[in-house]
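J.:
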Amino acid sequence: MQQKQQRKSSERVASIETEYVRSLQKKAYRKNARKIRLYRRLTIFAIVAAIILGGLTNMFFNQKQELAAKELQKAEMLSQLEDVQEEQDMLKRQLVKLNDDDYIAKLARKEYFLSEKSEIIFAIPENKKKTEKKAKGKE
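Count along the sequence shown from 1, then add 57; that gives the number in our numbering.
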């Protein structure tokens, strides 16, 4: 109750309009204005920082996904490279064998049933078990 009376009495009291009071009011107004400008600048700075941080975060995750895709592609390419190198090694070995006349003669006898002048070729049928084993071995 006393507070209400003090408020009413303070409202009834006129302020003193002296030079000193006006200078204090101006200082208080400037201080309040500076504080408002500071809060505005800090708010703008925080918004700009949040936008930049969001952009950098987005860029980071995009690059992370792209890196994962490139790593997967690299792994696939390395496996293909290994397959091609194995095939190349096999072809080099076969090329070395094909430069050998004895190997070519043996291959011609086996695959094309070619013979020399004094040879006779007999075709012997293989057992069913041997052919089944070869078929299973190839699978």
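Virtual Cβ for every residue (Gly too), placed ideally from N, Cα, C. Note that the structure is predicted; figures quoted are calculated from it, not measured.
Taking the straight line between their C-alpha atoms, what separation do you get for GLN151 and GLN137?
T.: Residue mapping note: residue 151 aligns to position 94 of the sequence shown, counting from 1. Residue mapping note: residue 137 aligns to position 80 of the sequence shown, counting from 1. Cα to Cα, GLN151 sits roughly 21 angstroms from GLN137.
J.: I'd like to check one pair, ARG166 with ILE178: are the Cβ atoms closer than 9 angstroms?
T.: Taking the sequence shown and counting its residues from 1, one reaches residue 178 at position 121. Taking the sequence shown and counting its residues from 1, one reaches residue 166 at position 109. Yes, they are a contact pair.
J.: Can you give me the start and stop residues for the alpha helix (DSSP H) that ILE101 sits inside?
T.: Along the sequence shown, read from residue 1 onward, the residue named residue 101 stands at position 44. ILE101 -> alpha helix (DSSP H) spans 76-155.
J.: Check for me: the alpha helix (DSSP H) holding LEU164 runs from which residue to which?
T.: Along the sequence shown, read from residue 1 onward, the residue named residue 164 stands at position 107. That run of the alpha helix (DSSP H) goes 158-169.
J.: Going straight from the alpha carbon of GLU123 to that of THR114, what length do you get?
T.: Walking along the sequence shown from the start, residue 123 turns up at place 66. Walking along the sequence shown from the start, residue 114 turns up at place 57. Distance between the alpha carbons of GLU123 and THR114: 14 angstroms.
J.: Give the straight-line distance between the Cα atoms of GLU168 and GLU144, rounded to the nearest whole angstrom.
T.: Numbered from its first residue, the sequence shown carries residue 168 at position 111. Numbered from its first residue, the sequence shown carries residue 144 at position 87. Taking the straight line joining both Cα atoms gives about 22 angstroms.
J.: Quick check: what's the CA-CA separation for VAL78 versus ALA85?
T.: As a working note, residue 78 is residue 21 in the sequence shown. As a working note, residue 85 is residue 28 in the sequence shown. Rounded to the nearest angstrom, the two C-alpha atoms are 11 angstroms apart.
J.: What's the C-alpha gap between THR100 and MET116?
T.: By 1-based counting over the sequence shown, the position of residue 100 is 43. By 1-based counting over the sequence shown, the position of residue 116 is 59. Roughly 24 angstroms between the two C-alpha positions.
J.: I need the straight-line Cα distance from GLY153 to GLY112, nearest angstrom please.
T.: In the sequence shown, counting from the first residue as 1, residue 153 sits at position 96. In the sequence shown, counting from the first residue as 1, residue 112 sits at position 55. The question names Gly, but residue 153 is Val in the sequence shown. The straight-line gap from Cα to Cα measures roughly 60 angstroms.
J.: Quick check on GLU68: does DSSP put it in helix, strand or coil?
T.: Position 11 of the sequence shown, counted from the start, is the residue given in the question as residue 68. If DSSP states are grouped into helix, strand and coil, GLU68 belongs with the helices.
J.: So, for SER172: in the same chain, excluding its five sequence neighbours on each side, which residues have a beta-carbon less than 8 angstroms away from its beta-carbon?
T.: Along the sequence shown, one-based indexing puts residue 172 at 115. ARG166 and ILE178, listed in sequence order.
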